[in-house]
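What follows is a single structure, written as structure tokens, with notes after it.
2 protein chains.
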Amino acid sequence: MTIKNIAEYMAELGQAARSASAKMAASETALKNQALLGTASAIEEMTEELITANQADLAAGRDKGLSPAMLDRLELTPARIAGMIEGLKQVAALPDPVGNITDLDYRPSGIQIGKMRVPLGVIGIIYESRPNVTIEAASLCLKSGNAVILRGGSEAIHSNTALAKCIQSGLKASGLPESAVQVVATTDRDAVHQLITMPQYVDVIVPRGGKGLIERITNDARVPVIKHLDGNCHVFIDAEADAEKAVNIAFNAKTRRYGVCNAMETLLVDEQRASELLPVLAGRYAEKGVALRGCDKTRAIIECEAATEQDWYEEYVAPILAVKVVADMDEAIAHINKYGSHHTDAIVTENYTKARRFLREVDSSSVMVNASTAFADGFEYGLGAEIGISTDKIHARGPVGLIGLTSQKYVVLGDGQVREP
Amino acid sequence: MTIKNIAEYMAELGQAARSASAKMAASETALKNQALLGTASAIEEMTEELITANQADLAAGRDKGLSPAMLDRLELTPARIAGMIEGLKQVAALPDPVGNITDLDYRPSGIQIGKMRVPLGVIGIIYESRPNVTIEAASLCLKSGNAVILRGGSEAIHSNTALAKCIQSGLKASGLPESAVQVVATTDRDAVHQLITMPQYVDVIVPRGGKGLIERITNDARVPVIKHLDGNCHVFIDAEADAEKAVNIAFNAKTRRYGVCNAMETLLVDEQRASELLPVLAGRYAEKGVALRGCDKTRAIIECEAATEQDWYEEYVAPILAVKVVADMDEAIAHINKYGSHHTDAIVTENYTKARRFLREVDSSSVMVNASTAFADGFEYGLGAEIGISTDKIHARGPVGLIGLTSQKYVVLGDGQVREP
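What follows is the structure, given as structure tokens:
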């Protein structure tokens, strides 16, 4: 689709979203679930059409010389289509957070005051060329009572347009406004700029993708951004760690999957345990082909490449691990708060007081004791699907699910009370 | 104080605040309270010095031709000094929200997961020439475990510098880092620009002041802003309102105080009750000298000036009230959501279903049934002192007290769990 005036086009999407958001905020849970299940049915019925559209994207991608990894992410395989359908059903099954009222307490004036959970309004999602994100993001925004404008990577434009039709069909069947979910129908880059600079229509932006994309968006946005920068996660093996727990957790946190944001990137070991545990761990990592980069003290115990200052900052997203021997927990906490990305960090210890201090003093969205960082995930936390893992400090930290896409307003119930002076 | 390189100076403040914030986050409640009470004692002891500094500001203000209203806000009267001391004692008496853990539930994997309340980090406060705000803001940030950089209006520079000394003295006595509270010591406007564009040192900006100031800051900031734009509050008298409650609430919401953000600015009346209630209300308002501006239907019932389209948007902050007769609750809700500022809006009704719908569908930070909008206030809500009333959608809506200056991180307690596969 060629659009002459991008600013006008985006403002139209914005107006339509704003108007739909009021209806979405007031809509019944049953209707929202009907729209989600209707979308799932539409995807089933339109599978061939989806695959044809996706083939067009893949062909264009090959012509453009996309990397095999990018082509892989772009592809809608039967398994991924089944995954989208299953995801829609799961979100329909989640409890609806909207309208929930808590803490309804009486005050001395006689008014009763509580908090009601409400949608944020209009959410803009900007993501790379992974068409399944279109359905994931749309379903979470829809269930949380928000309207959403989706801007996927340009390489996925045909797939996303076909998926948008499935969503429209689900919305239509339920009687909810079709403009509650809109996919930007142009690949013009100016559309992103417009989307992130129209606070009159968009309440919050959620970028999903590489650090570069997210930094650019955060820098240019005139709307609050819920962002996930990087996942430089740590495991600290304390002097009083249980050896078996330490080895299992340090092994799992690194090797369960390399390409995920909750993977450990730096291992910190108390110097009292380094000579006992590092050789065991080095053996385990070697079996998996994990390359180690150690500080001087580490290299005095096991053989590995030397870590540079830059390694402590690195999110490898690969079978590489930085290893540092520290004097005590204070050094570990200082290291994590300085070099880490405030994502997920764990201590392994049997010491009660140190566990308590670590939980309090490590400034990360998830802080763990005797558990693998791999648990940092919406499903494992019981939140259901997540739209991302926030490393921000305001609004939402950690996995952002339905609750993270809402906020709370105050409700006041009275019997005619007025305030004296 | 003349500072040559503002950017360098502000970066120094930022670094010092960032480093203090880690200590503040981990500090015990007792130390924070000691710092607050120590500041109160210092204000008592240094009252003469404070008044001398304030006299210098007032003299300069008079020379500059400040309006009597501005000079009034600038003045540190004995009552205001007593108010600051009392405020510090009250904040010390509030429960400490930091470290509070909720929802610590076991998951099927065996990990136990909950949320811990944590400070935001470093807060930048930008405000106009009201020196008492220095103490209010500092005390809330300190109690909530944050470090703060305060930038008050340039006309109050001597008063603020003197107050900063009192705070430093309180911090020093308690052993907390003195750079936990820093007052910007220059009136150079570039300091504001620096403060709002250094995300590496500042986590959130809270501007307090006129709409113009807040819009400028929001536009230029590279840091999240918790903002309070305007307070265009409504009372809607429904067809099924109790007449006495309706008149009392509409009268109180407008006339209790004119200069506050929770004052009603537009009264909406269902047409079924307009001819009965408007004459009664017009009489009450006339006694107080409130000037009415009505729609055509209003003017067919009572005599008043005609309201223009602009009146529906107006926050008068004065004894002026816009009055509109509406066909039903749908029109009232649509009017509030379109023209209002999402601050505080109330319905007067005896109808259960309409009360429920109004609470759900009005998109404001406080929504009330049968209570005066004048209750929208941190003390009335039981939150204690507030740093402002947020009309934002993300993070905090409504009165922002200690809780609004914190967020929640996840804590995970395990026994050696690893995640399969």
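Heads up: the protein sequence lines correspond to chains A and B, in order. Residues in the first sequence are numbered from 1 upward in steps of one, following the numbering used here. Residues in the second sequence are numbered from 1001 upward in steps of one, following the numbering used here. Beta carbons are placed, not taken as given, at the ideal position from N, Cα and C, and that holds for glycine.
Check whether the Cβ of residue i lies closer than 8 Å to any Cβ atom in chain B.
i, result
"S154/A", "no"
"D203/A", "yes"
"M329/A", "no"
"S407/A", "yes"
"E386/A", "no"
"H395/A", "yes"
"L278/A", "no"
"Q272/A", "no"
"S364/A", "yes"
"E380/A", "yes"
"M198/A", "no"
"M84/A", "no"
"P97/A", "no"
"R73/A", "no"
"N248/A", "yes"
"Q417/A", "yes"
"G145/A", "no"
Would you kindly work out how many angstroms separate the C-alpha atoms of residue i and residue j, rounded to a whole number?
i, j, result
"A1020/B", "V1098/B", "16 Å"
"E287/A", "G401/A", "36 Å"
"A134/A", "N160/A", "In the sequence as presented, Ala is not what sits at residue 134/A; that position holds Thr. Roughly 7 Å separates the two Cα atoms."
"K1172/B", "Q1194/B", "27 Å"
"K115/A", "S1365/B", "10 Å"
"A1253/B", "N1132/B", "26 Å"
"F1375/B", "A246/A", "54 Å"
"D1345/B", "E1028/B", "39 Å"
"F156/A", "R117/A", "Checking the sequence shown, residue 156/A turns out to be Ala, not Phe. Going from the Cα of A156/A to the Cα of R117/A covers about 34 Å."
"L1277/B", "A1243/B", "7 Å"
"A322/A", "D328/A", "18 Å"
"G121/A", "P1095/B", "33 Å"
"H335/A", "V1184/B", "30 Å"
"A332/A", "Y339/A", "11 Å"
"V1235/B", "A7/A", "37 Å"
"G1110/B", "V369/A", "13 Å"
"D1105/B", "D1415/B", "14 Å"
"P421/A", "A1371/B", "15 Å"
Who are residue i's beta bridge partners in DSSP?
i, result
"L150/A", "I125/A, V183/A"
"E1075/B", "DSSP, once it has assigned bridges, lists no residue as partnering E1075/B."
"P1119/B", "T1406/B"
"H234/A", "T266/A, D345/A"
With a cut-off of 8 Å, does the C-beta of residue i fall near any C-beta of chain A?
i, result
"F1375/B", "yes"
"M1264/B", "no"
"Q1354/B", "It should be noted that the sequence gives Lys, not Gln, for residue 1354/B. It does not; no Cβ of chain A falls within 8 Å."
"D1238/B", "no"
"P1207/B", "no"
"N1100/B", "no"
"A1371/B", "yes"
"G1294/B", "no"
"M1046/B", "no"
Just to confirm my understanding: we take residue i, look at its own chain, exclude 5 residues before and 5 after, and list those with CB closer than 6 Å. What are they?
i, result
"R356/A", "none"
"L1413/B", "Q1112"
"I3/A", "Y9, T186"
"Q272/A", "A239"
"N351/A", "E240"
"C1304/B", "L1292, G1294"
"L383/A", "P399, G401"
Could you name the residues of the same chain whose beta carbon sits closer than 7 Å to that of residue i, not counting the 5 residues immediately before and after it, in chain order?
i, result
"V206/A", "I123, I125, I226, I387, G388"
"D1363/B", "N1337, H1342"
"A42/A", "C166, S169, G170"
"S154/A", "T187"
Quick one: residues in its chain with C-beta nearer than 8 Å to the C-beta of residue i, no 5 flanking neighbours on either side, listed in chain order?
i, result
"A1053/B", "H1158, S1159, T1161, A1162"
"K1023/B", "L1176, P1177, A1180"
"L1405/B", "P1119, L1120, I1123, L1140, C1141, S1144, N1146, I1387"
"A274/A", "K297, T298, I301, V325"
Residues in the region 1104 to 1118 of chain B with C-beta within 8 Å of chain A's C-beta atoms, listed in sequence order?
Within the region 1104 to 1118 of chain B, the qualifying residues are D1105, R1107, S1109, I1111, I1113, M1116, V1118.
Members of the region 1022 to 1038 of chain B that neighbour chain A once the beta carbon cut-off is set at 8 Å:
Residues of the region 1022 to 1038 of chain B whose Cβ lies closer than 8 Å to any Cβ of chain A, in chain order: A1022, A1025, A1026.
Listed in chain order, which residues of the region 1336 to 1360 of chain B have Cβ atoms closer than 7 Å to some Cβ of chain A?
Listed by position, the residues of the region 1336 to 1360 of chain B near chain A (Cβ gap below 7 Å) are N1337, L1359, R1360.
What residues from the region 1161 to 1181 of chain B come within 9 Å of chain A, judged by C-beta to C-beta, listed N to C?
Within the region 1161 to 1181 of chain B, not one residue has a Cβ closer than 9 Å to any Cβ of chain A.
Listed from N- to C-terminal order along the chain, which residues in the region 217 to 235 of chain A have their beta-carbon within a distance smaller than 9 Å of any beta-carbon of chain B?
Close to chain B, meaning a Cβ-Cβ distance shorter than 9 Å, are the following residues of the region 217 to 235 of chain A: T218, N219, R222, P224, V225, I226.
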